[in-house]
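Colleague: In UniProt numbering, the protein residues as written are 1 to 199.
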Amino acid sequence: MRAFISHNHRDKPQVAPLAARLRLLGVDVWLDSWEIRPGDRIPGKVNEALGLVDTVMVFWSTNSSKSPWVNTEWEAALTRRLRDDSVRVIPVVLDDTPLPPLLEPIMWVSLVDGDVDRAARELVGVDSQAELLKTMQRTVEESGLEYRYFHGFGVIVGCPRCGAPSSKLEGWSAVDHTRDDMYAGVRCTECGWDKGGEV
Numbered sequence: 001m002r003a004f005i006s007h008n009h010r011d012k013p014q015v016a017p018l019a020a021r022l023r024l025l026g027v028d029v030w031l032d033s034w035e036i037r038p039g040d041r042i043p044g045k046v047n048e049a050l051g052l053v054d055t056v057m058v059f060w061s062t063n064s065s066k067s068p069w070v071n072t073e074w075e076a077a078l079t080r081r082l083r084d085d086s087v088r089v090i091p092v093v094l095d096d097t098p099l100p101p102l103l104e105p106i107m108w109v110s111l112v113d114g115d116v117d118r119a120a121r122e123l124v125g126v127d128s129q130a131e132l133l134k135t136m137q138r139t140v141e142e143s144g145l146e147y148r149y150f151h152g153f154g155v156i157v158g159c160p161r162c163g164a165p166s167s168k169l170e171g172w173s174a175v176d177h178t179r180d181d182m183y184a185g186v187r188c189t190e191c192g193w194d195k196g197g198e199v
């Protein structure tokens, strides 16, 4: 599946986690913040993407209902669908804003409850949470990415500040004897970035 994510930028906190899950499930996701770079012509990039994808996911909310961009994107997707039956348009509902009449009869997915995993499973047709996790793990393994787990932080593929690979990261731990708390995390040996928390 090659999916275009149509959304209003105010909804990015709800949209980005689902887009990331879809990528881990092997979906080729086109999200503006991942694909458009400084100096790019935004209408040209969006138009090109809408012509290449086979699925347009319209994230619908109060914000997107007022967005000329989102309305133009879903209208273009429906127009393309009239010419090419292989294009799917899938509304993803973020709040109780009514869908436009042209999107209403299309089977939609709800993200109102914030359950990103369930929405991802519905969008790609994975039956259970266990299958979702197994599929995401396979994607990570097949990607060839070097990744490591650090207590107090979690899984990391590289330094978020300088981009050093995980082999340049080291774990740390400390004890606050006054409060009897233990802390752990990860630091970059290249740039000094450091993050962790109470464990």
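Ideal placement from N, C-alpha and C gives every residue a C-beta, glycine not left out.
How is the beta strand (DSSP E) around residue 207 delimited, first residue to last?
Modeller: What is shown of the chain runs 1 to 199, which leaves residue 207 out entirely.
Colleague: May I have the straight-line CA-CA distance separating proline 43 from arginine 10, to the nearest angstrom?
Modeller: Using only the alpha carbons, I get a separation of about 19 angstroms.
Colleague: By Cβ distance below 7 angstroms, which residues in the same chain neighbour valine 15 in space, the five residues on each side in sequence not counted?
Modeller: So the qualifying residues of the chain are Ile5, His7 and Phe59.
Colleague: Using DSSP with H/G/I as helix, E/B as strand and the rest coil, what is threonine 135?
Modeller: Here threonine 135 sits in helix by DSSP.
Colleague: May I ask you to report which of helix, strand or coil DSSP gives glycine 51?
Modeller: Glycine 51: helix per DSSP, three-state reduction.
Colleague: Which whole-angstrom value describes the C-beta separation of glutamate 190 and alanine 164, a residue pair presumed to lie in contact below a C-beta threshold of 8 angstroms?
Modeller: 4 angstroms between Cβ atoms; contact.
Colleague: What three-state label does DSSP hand valine 27 in the structure shown?
Modeller: Residue state, collapsed to three classes: coil.
Colleague: Mind checking which residues open and close the beta strand (DSSP E) that includes serine 6?
Modeller: Here the beta strand (DSSP E) through serine 6 covers 2-6.
Colleague: I need the boundaries of the alpha helix (DSSP H) containing proline 68, first residue and last residue.
Modeller: Proline 68 -> alpha helix (DSSP H) spans 68-83.
Colleague: Quick check: the Cα distance between glutamine 129 and glutamine 137, rounded to an integer number of angstroms?
Modeller: If you take the alpha carbons of glutamine 129 and glutamine 137, they lie about 12 angstroms apart.
Colleague: Please classify cysteine 188 as buried or exposed, where buried requires at least 16 other C-beta atoms within 10 Å of its C-beta.
Modeller: By the neighbour-count rule (16 or more Cβ atoms within 10 Å), cysteine 188 is buried.
Colleague: Please return the same chain residues whose Cβ sits closer than 6 angstroms to the Cβ of serine 67, not counting the five positions on each side in sequence.
Modeller: Asn8, listed in sequence order.
Colleague: For tryptophan 193, which of helix, strand or coil comes out of DSSP?
Modeller: Reduced to three states, the DSSP call for tryptophan 193 is coil.
Colleague: So, under 8 angstroms CB-CB, alanine 20 and glutamate 35 are touching, yes? Tell me the CB distance rounded to an integer number of Å.
Modeller: Actually they do not touch by this definition, with Cβ atoms about 14 angstroms apart.
Colleague: Does proline 100 come out as helix, strand or coil in the three-state DSSP assignment?
Modeller: Coil.
Colleague: Using 10 angstroms around the beta-carbon of alanine 174, count the other beta-carbons present and answer buried if the total reaches 16, otherwise exposed.
Modeller: By the neighbour-count rule (16 or more Cβ atoms within 10 Å), alanine 174 is not buried but exposed.
Colleague: Does the beta-carbon distance from leucine 18 to alanine 184 come in below 8 angstroms?
Modeller: No; because the gap between Cβ atoms is not below 8 angstroms, this pair is not in contact.
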